[in-house]
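In our numbering, the protein residues as written are 5 to 287. Just so you know, even glycine gets a beta-carbon here, dropped at the ideal spot from N, CA and C. In what follows, a single structure is set out as structure tokens and then discussed.
Given below as structure tokens:
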């Protein structure tokens with residue numbers, strides 16, 4: 005998340021890294037298509053083609069070029085359960101150890117909070133971190149092996165429907181997850197950027213009451229795509245952590261009037277986007 009030490013009423017030049025990813029595209033849509041940008045705001049969306057952010061020289065050069073006042077840092081290596089399990093070292097604690105299936109990813113994200121607190125303590129910088137739950141929506145990575153559970157299910161159901169084969173869901177279907185639509189998250193990112201001025205992280209999530217099982221998610225994908233075939237569960241595949249329930253109580257205290265898109269409606273929009281953009285979708 006970005007530095008908010010500048011005058012909150014002055015011009016804002018917002019630099020979004022990872023601007024062509026799932027959340028970056030959603031923020032761009034809200035800003036450009038839904039009129040989400042305010043007067044005096046300039047938005048720059050970076051992709052990996054603009055700069056290698058693992059290279060200090062390229063990073064300094066792109067920041068010098070755009071001279072942002074605010075930053076939404078979204079560039080990251082991400083993946084679903086099976087990529088996390090396979091590549092913990094590549095992903096790289098203060099509430100007990102994370103689940104062993106994704107400890108590399110989890111520790112890396114926890115260190116962001118440590119980094120933010122240390123910068124605030126030493127330099128007075130107002131960096132913060134947002135913690136979304138499982139994000140899905142248009143422009144996701146629909147790779148079956150490495151993608152997150154929902155886009156993977158959507159892609160597998162699409163192929164099964166084309167081939168007339170069963171839809172095979174990995175695992176037992178019993179784990180439960182909170183899913184947040186990327187466009188809802190984009191609206192919340194803009195709210196955090198403008199209105200949330202704390203270093204302490206904030207969880208951006210639907211409530212625990214909106215948690216769904218993987219089986220329920222698979223059934224919703226089947227309904228959204230109109231899949232008529234058989235659905236089976238491969239219990240030789242790992243389930244991962246049973247629950248990762250996150251509280252959105254802090255979000256609701258700060259932003260009590262926010263309304264989330266109903267899960268099935270958001271999923272239908274995502275499936276429709278995937279079908280319409282199949283040839284160009286990341287997969």
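Count the other C-beta atoms from every protein chain shown that fall within 10 angstroms of the C-beta of residue i, then say buried if there are 16 or more, exposed otherwise.
{"i": "residue 58", "result": "exposed"}
{"i": "residue 144", "result": "buried"}
{"i": "residue 118", "result": "exposed"}
{"i": "residue 19", "result": "buried"}
{"i": "residue 287", "result": "buried"}
{"i": "residue 256", "result": "exposed"}
{"i": "residue 261", "result": "exposed"}
{"i": "residue 74", "result": "buried"}
{"i": "residue 246", "result": "exposed"}
{"i": "residue 274", "result": "buried"}
{"i": "residue 170", "result": "exposed"}
{"i": "residue 29", "result": "buried"}
{"i": "residue 15", "result": "exposed"}
{"i": "residue 97", "result": "exposed"}
{"i": "residue 253", "result": "exposed"}
Straight-line CA distance for residue i to residue j?
{"i": "residue 138", "j": "residue 182", "result": "6 Å"}
{"i": "residue 24", "j": "residue 31", "result": "10 Å"}
{"i": "residue 264", "j": "residue 51", "result": "28 Å"}
{"i": "residue 284", "j": "residue 146", "result": "11 Å"}
{"i": "residue 159", "j": "residue 77", "result": "28 Å"}
{"i": "residue 43", "j": "residue 199", "result": "16 Å"}
{"i": "residue 259", "j": "residue 172", "result": "39 Å"}
{"i": "residue 152", "j": "residue 66", "result": "30 Å"}
{"i": "residue 95", "j": "residue 134", "result": "Residue confidence is low: residue 95 scores 43 on pLDDT, short of 50, so the model does not pin down where it sits. No coordinate-derived value is stated."}
{"i": "residue 6", "j": "residue 197", "result": "A caution first: residue 6 carries a pLDDT of 47, below 50, which makes its placement in the model too unreliable to give a value."}
{"i": "residue 251", "j": "residue 136", "result": "11 Å"}
{"i": "residue 281", "j": "residue 226", "result": "19 Å"}
{"i": "residue 157", "j": "residue 206", "result": "29 Å"}
{"i": "residue 186", "j": "residue 27", "result": "6 Å"}
{"i": "residue 53", "j": "residue 69", "result": "15 Å"}
{"i": "residue 107", "j": "residue 204", "result": "22 Å"}
{"i": "residue 301", "j": "residue 195", "result": "Given that the chain is displayed from residue 5 to residue 287, the structure contains no residue 301 and the question cannot be resolved."}
{"i": "residue 11", "j": "residue 103", "result": "Confidence at residue 11 is low in this model, with a pLDDT of 47, below 50, so its placement is unreliable and no value can be given for it."}
{"i": "residue 1", "j": "residue 267", "result": "As shown, the chain starts at 5 and ends at 287. That puts residue 1 outside it, with no answer to give."}
{"i": "residue 277", "j": "residue 269", "result": "12 Å"}
{"i": "residue 49", "j": "residue 126", "result": "29 Å"}
{"i": "residue 248", "j": "residue 142", "result": "24 Å"}
{"i": "residue 62", "j": "residue 202", "result": "30 Å"}
{"i": "residue 233", "j": "residue 46", "result": "48 Å"}
{"i": "residue 154", "j": "residue 116", "result": "26 Å"}
{"i": "residue 224", "j": "residue 239", "result": "20 Å"}
{"i": "residue 105", "j": "residue 184", "result": "22 Å"}
{"i": "residue 231", "j": "residue 215", "result": "23 Å"}
{"i": "residue 140", "j": "residue 64", "result": "31 Å"}
Here's a check: name, in chain order, each residue in its chain whose Cβ is nearer than 6 Å to the Cβ of residue i, leaving out the five neighbours to either side.
{"i": "residue 272", "result": "228"}
{"i": "residue 79", "result": "21, 22 and 57"}
{"i": "residue 175", "result": "241 and 243"}
Identify, in the order they occur along the chain, each residue of the same chain with its Cβ nearer than 7 Å to the Cβ of residue i, setting aside the five sequence neighbours on each side.
{"i": "residue 177", "result": "217, 218, 219, 222 and 237"}
{"i": "residue 71", "result": "17"}
{"i": "residue 148", "result": "156, 159 and 160"}
Going along the chain, which residues of its own chain have a beta-carbon closer than 8 Å to the beta-carbon of residue i, five neighbours each way excluded?
{"i": "residue 123", "result": "129 and 131"}
{"i": "residue 179", "result": "217, 218, 243, 244, 245, 246 and 247"}
May I ask whether a heavy atom of the ligand MG can be found less than 7 Å away from the beta carbon of residue i?
{"i": "residue 158", "result": "Absent from the structure shown: the ligand MG. Ligands present: none."}
Assuming residue i contacts residue j (C-beta within less than 8 Å), just tell me the rounded distance between them.
{"i": "residue 279", "j": "residue 162", "result": "7 Å"}
message: Check whether the segment 182-195 and the segment 34-41 touch, using three or more Cβ-Cβ pairs below 8 Å as the test.
response: Of all C-beta pairs linking the segment 182-195 to the segment 34-41, three or more are shorter than 8 Å, placing the two stretches in contact.
- prompt: Are at least three pairs of beta-carbons, each pair with one atom in the segment 201-214 and one in the segment 157-175, less than 8 Å apart?
  reply: By the Cβ test, the segment 201-214 is not in contact with the segment 157-175, since fewer than three Cβ pairs between them sit closer than 8 Å.
Given 8 Å, three or more beta-carbon pairs between the segment 44-59 and the segment 103-113: Cβ pair count under 8 Å is below three, so no.
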